[in-house]
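Asks: Structure below; questions to follow.
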Amino acid sequence: MNENEKSNSEYSASNITVLEGLDAVRKRPSMYIGDVGVRGLHHLVYEVVDNSIDEALAGYADDIYVTINTDNSITVKDNGRGIPVDLHEKEQRSALEVVLTVLHAGGKFDKGSYKVSGGLHGVGVSCVNALSTDLKATISRGGEVWEQEFKIGVPQYPVRKIGTTTETGTEIWFKPDSTIFSETEYNFDTLANRLRELAFLNKGISLRLTDMRVLDDKEEPLSTKYYSDRGLAEFVEMIDAGRERLIPEAICIEGEKNGIPVEIAMQYNTSFSENLHSYVNNINTREGGTHLAGFRSGLTRTLKKYADESGMLSKLKFDIAGDDFREGMTAVISVKVMEPQFEGQTKTKLGNPEVRGAVDQAVGEMLSNYLEENPKEARMIVEKVILAATARHAARKAREMVQRKNVMSGSGLPGKLADCSDKDPVNCEIFLVEGDSAGGTAKQGRDRKFQAIMPLRGKILNVEKAMQHKIFENEEIKNIYTALGVQVGTEEDSKALNMAKLRYHKVVIMCDADIDGSHIATLILTFFFRYMKELIELGYIFIAAPPLYLVKRGTQQRYAWNDTERDAIIADLKGSGKETGVGVQRYKGLGEMNAEQLWETTMNPSNRTLRKVTIDNAADADYTFSMLMGDEVPPRRDFIEKNAKYAKIDV
Ligand code: 0RA
23 MNENEKSNSE
33 YSASNITVLE
43 GLDAVRKRPS
53 MYIGDVGVRG
63 LHHLVYEVVD
73 NSIDEALAGY
83 ADDIYVTINT
93 DNSITVKDNG
103 RGIPVDLHEK
113 EQRSALEVVL
123 TVLHAGGKFD
133 KGSYKVSGGL
143 HGVGVSCVNA
153 LSTDLKATIS
163 RGGEVWEQEF
173 KIGVPQYPVR
183 KIGTTTETGT
193 EIWFKPDSTI
203 FSETEYNFDT
213 LANRLRELAF
223 LNKGISLRLT
233 DMRVLDDKEE
243 PLSTKYYSDR
253 GLAEFVEMID
263 AGRERLIPEA
273 ICIEGEKNGI
283 PVEIAMQYNT
293 SFSENLHSYV
303 NNINTREGGT
313 HLAGFRSGLT
323 RTLKKYADES
333 GMLSKLKFDI
343 AGDDFREGMT
353 AVISVKVMEP
363 QFEGQTKTKL
373 GNPEVRGAVD
383 QAVGEMLSNY
393 LEENPKEARM
403 IVEKVILAAT
413 ARHAARKARE
423 MVQRKNVMSG
433 SGLPGKLADC
443 SDKDPVNCEI
453 FLVEGDSAGG
463 TAKQGRDRKF
473 QAIMPLRGKI
483 LNVEKAMQHK
493 IFENEEIKNI
503 YTALGVQVGT
513 EEDSKALNMA
523 KLRYHKVVIM
533 CDADIDGSHI
543 ATLILTFFFR
553 YMKELIELGY
563 IFIAAPPLYL
573 VKRGTQQRYA
583 WNDTERDAII
593 ADLKGSGKET
603 GVGVQRYKGL
613 GEMNAEQLWE
623 TTMNPSNRTL
633 RKVTIDNAAD
643 ADYTFSMLMG
653 DEVPPRRDFI
663 EKNAKYAKID
673 V
């Protein structure tokens with residue numbers, strides 16, 4: 023952006039209020055950035071990028087560059103106005119220095135526009151400075167280039183002029199402090215995912231990511247650009263890429279109500295799951311909140327009114343519920359709130375009561391316009407809603423059957439479940455094992471005090487494709503519900519789980535270490551993702567990691583989980599003795615191990631590796647599961663090979 027587009031409200035450096043020293047950040051970094059692991063490390067980048075996004079949202083920037091340098095330092099550059107470098111009267115130092123050394127100073131600038139973006143903690147770039155061994159700011163502003171350097175947040179000299187320029191903008195280079203962070207290597211995909219998400223959420227801004235650590239055969243660094251013209255509509259299209267859409271174009275709602283900017287894109291597809299992704303100030307509100315409540319109520323009221331008036335509901339013998347309006351719907355809701363109040367366990371639930379009405383109204387007005395103007399699409403949507411209501415009716419009957427069966431059959435537990443003796447869920451684990459034969463081995467090998475085994479027969483139902491009542495009629499799925507002890511769901515909220523009754527705090531999916539096994543694991547994971555997401559969020563779902571090889575030499579036996587380990591063991595065993603050969607057995611399935619081997623390698627808590635399933639990015643996971651389990655086959659194979667994307671190593 024050029025100088026002519028500058029705001030009239032001249033910036034005054036004295037607006038900044040001094041709050042807190044940076045030493046507090048170094049003493050207790052987790053309080054400011056969440057953790058000092060890989061998440062916190064990436065959080066530093068988001069914090070800096072958010073400042074550039076704010077500048078872009080204020081209308082002064084449209085280009086943001088993020089570079090991972092070879093030493094895992096980061097450069098973030100934008101073409102905004104540049105952070106002011108003039109003197110802060112009271113502090114007797116530059117505004118730039120105040121922004122970079124005083125906690126929360128950044129947001130106190132510029133009353134003309136409000137700061138809407140901001141990481142989960144919204145702590146500002148001064149935190150990044152405090153947690154970096156080196157940071158350098160280079161500012162292009164007023165025809166001049168300025169710079170200032172810092173070490174662990176301490177200025178090395180006052181801001182100084184180093185040249186002239188015709189451009190404006192801010193460049194921040196920083197090197198995270200390895201004495202603070204347990205992990206210092208940046209992950210390209212993690213940053214790319216977030217920048218892509220930001221591009222969808224803020225249309226018209228170009229975000230580029232360059233990885234100097236990865237050069238192609240022409241010595242060019244790996245680089246990718248994210249830019250979205252249509253914003254949320256494109257976001258929904260990406261999430262739904264694996265699904266068949268019901269109406270040709272996503273429905274877009276965009277406007278401001280009571281000073282709250284509201285943006286929504288929604289699409290219906292032929293699946294049966296509801297996929298809502300909500301954001302406040304570019305932060306994913308996983309726990310929902312008032313904006314989501316407003317969306318739901320606005321949608322239900324508006325669609326119901328339209329359906330009633332159209333006369334299409336006259337033949338229906340039962341009521342339509344709120345859920346029915348959202349079956350097979352994918353939507354992204356993004357609001358900008360001046361002073362967001364975040365609540366809930368993970369502080370990702372919006373609490374501001376005024377937002378509910380604003381979103382409800384926006385949806386009411388704009389969706390009814392859409393329905394009036396697009397009668398063909400409106401009809402298809404109402405037909406889909408009627409289908410959902412009919413299916414829900416059938417599903418309720420199926421659920422009632424499951425629950426009645428539970429009450430009647432003694433313990434109410436599935437016959438195939440070998441339960442553990444300890445009854446305290448905190449201590450207990452359940453293994454969901456692929457196949458009856460491996461299930462049998464696991465039953466013999468387990469520690470029956472705290473480990474329960476539940477064999478699953480072959481492929482479980484693909485919940486991405488099946489209708490809800492089919493899902494609740496499925497034997498294996500019923501068994502999982504009853505074994506875990508959670509209720510199948512009530513009429514109002516068919517997916518609400520009763521966590522208080524959960525019987526195990528570790529649910530371990532144990533499948534063969536081959537393509538079939540990983541496909542089955544993915545089917546089970548999809549089920550958990552769609553129907554028991556809380557379990558994933560609570561960190562209760564794990565994937566077992568059986569070894570791939572047994573390497574033997576004489577009486578010595580060792581297990582290997584990959585080819586590198588196998589080769590190292592072979593070399594080691596060869597080195598340790600004289601002439602006898604080393605034998606390698608490749609495990610094709612769990613069934614090839616005996617009970618003791620399965621216990622030692624895969625089930626014994628002191629030896630095993632469990633991969634905890636986490637959801638880093640819900641929209642991305644949504645896309646992945648629909649793509650994997652949907653009709654589009656080709657991308658699936660690709661994924662199954664790197665199935666561990668949503669699984670993290672956890673011992
Ligand atoms: C406050 C005032 C002004 C610019 C900025 C902050 C600013 C901060 C960042 C952080 C990253 N990129 C940024 N770009 C701009 C300027 C006010 C004016 O010029 O009138």
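When you line the sequence shown up against the numbering used here, it's residues 23 to 673, in that order. Cβ coordinates follow ideal geometry from the N, Cα and C atoms, glycine included.
1. Would you say T192 touches the ligand 0RA, meaning its beta carbon is less than 7 Å from a heavy atom?
2. Could you check whether the Cβ of E169 sits closer than 7 Å to any heavy atom belonging to the ligand 0RA?
3. Would you give the residue range spanned by the alpha helix (DSSP H) that M260 belongs to?
4. To the nearest angstrom, how far is it from the Cα of K112 to the Cα of T312?
5. Taking its Cβ as the centre, do 16 or more other Cβ atoms sit within 10 Å of E674, making it buried, or is it exposed?
6. Buried or exposed for G62, going by 16 or more other Cβ atoms inside 10 Å?
7. May I ask you to check if the CB of E77 is nearer than 7 Å to at least one heavy atom of the ligand 0RA?
8. Of all Cβ atoms in chain B, is any one closer than 8 Å to the Cβ of E309?
9. Cβ atoms of S95 and V124: under 8 Å apart, would you say?
10. In this structure, does DSSP put A543 in helix, strand or coil?
11. Name the DSSP beta bridge partners of D156, please?
12. Out of N224, L325, T89 and I408, which one is the CA nearest neighbour of M234?
13. Kindly identify the DSSP beta-bridge partner or partners of M476.
14. Note down, one range per segment and in chain order, each alpha helix (DSSP H) of at least 4 residues found wholly within the segment 551 to 583.
15. Can you check which of these residues, Y609, T246, G467 and S295, is closest to K555 by C-alpha distance?
16. Where does E513 fall in DSSP's three states?
17. Taking 7 Å as the line, does the beta carbon of G457 fall inside it for any heavy atom of the ligand 0RA?
18. Which value, in whole angstroms, describes the spacing of the CA atoms of N665 and P397?
19. Could you tell me whether any non-hydrogen atom of the ligand 0RA is closer than 7 Å to the CB of I682?
20. Grouping DSSP H, G and I as helix and E and B as strand, with all else coil, what is E349?
21. Which one of A474, K465, T370 and E497 has the shortest CA to CA distance from L620?
22. Compute the minimum distance between the beta carbon of G146 and the heavy atoms of the ligand 0RA, and state whether it is under 7 Å.
23. Shortest alpha-carbon distance to T412 belongs to which of E331, E456, L338 and H126?
24. Please classify H110: does DSSP put it in a helix, a strand, or coil?
25. Please confirm whether A505 and L560 have their CB atoms less than 8 Å apart.
26. Over what stretch of residues does the alpha helix (DSSP H) that includes E495 continue unbroken?
27. Determine, using beta carbons only, whether E495 and A420 come nearer to each other than 8 Å.
28. Among V121, Y249, H126 and L44, which one has its Cα closest to the Cα of G175?
29. Who are the Cβ neighbours of D441 in its own chain at under 7 Å, not counting the five residues just before and after it?
30. Check whether the Cβ atoms of G106 and L153 lie closer than 8 Å to each other.
31. Helix, strand or coil for R470 per DSSP?
32. Could you have a look at L298 and say whether DSSP puts it in helix, strand or coil?
33. What are the boundary residues of the alpha helix (DSSP H) that includes P51?
34. Give the DSSP bridge partners of Q289, in chain order.
35. My output table needs one value for Y526: the three-state DSSP class, helix, strand or coil.
36. Would you say the beta carbon of G81 comes nearer than 7 Å to a heavy atom of the ligand 0RA?
Replies: Short version:
1. yes
2. no
3. L254 to I261
4. Taking the CA atoms as reference points, K112 sits about 41 Å from T312.
5. What the structure shows of the chain is the stretch from 23 to 673, and residue 674 is not part of that stretch, so it cannot be assessed.
6. buried
7. yes
8. Protein chain content of the structure displayed is limited to a single chain, and chain B is not contained in it.
9. no
10. helix
11. K197
12. T89
13. M476 pairs with L454.
14. As summarised for the segment 551 to 583, the continuous alpha helix (DSSP H) elements at least 4 residues long and confined to that stretch are 555 to 559, given in chain order.
15. S295
16. Low confidence applies here, because E513 scores a pLDDT of 43, under 50, leaving its location unreliable; read the following figure in that light. In the structure shown, E513 sits in coil (DSSP, three-state: anything other than H, G, I, E or B).
17. no
18. Low confidence applies to N665: its pLDDT is 42, below 50, so where it sits in the model is not reliable enough to give any reading.
19. The requested residue 682 does not occur in the structure, where the chain is confined to residues 23 to 673.
20. coil
21. K465
22. no
23. L338
24. strand
25. Cβ distance not < 8 Å, so A505 and L560 don't count as in contact.
26. Q490 to E495
27. Yes; because the gap between Cβ atoms is below 8 Å, this pair is in contact.
28. Ranking V121, Y249, H126 and L44 by Cα distance to G175 puts L44 first.
29. L435 and A474
30. It should be pointed out that residue 106 corresponds to Pro in this sequence rather than to Gly. Contact flag unset, no.
31. coil
32. strand
33. P51 to I55
34. T352
35. Three-state result, Y526: coil.
36. No, since every heavy atom of the ligand 0RA falls outside the 7 Å radius drawn around the Cβ of G81.
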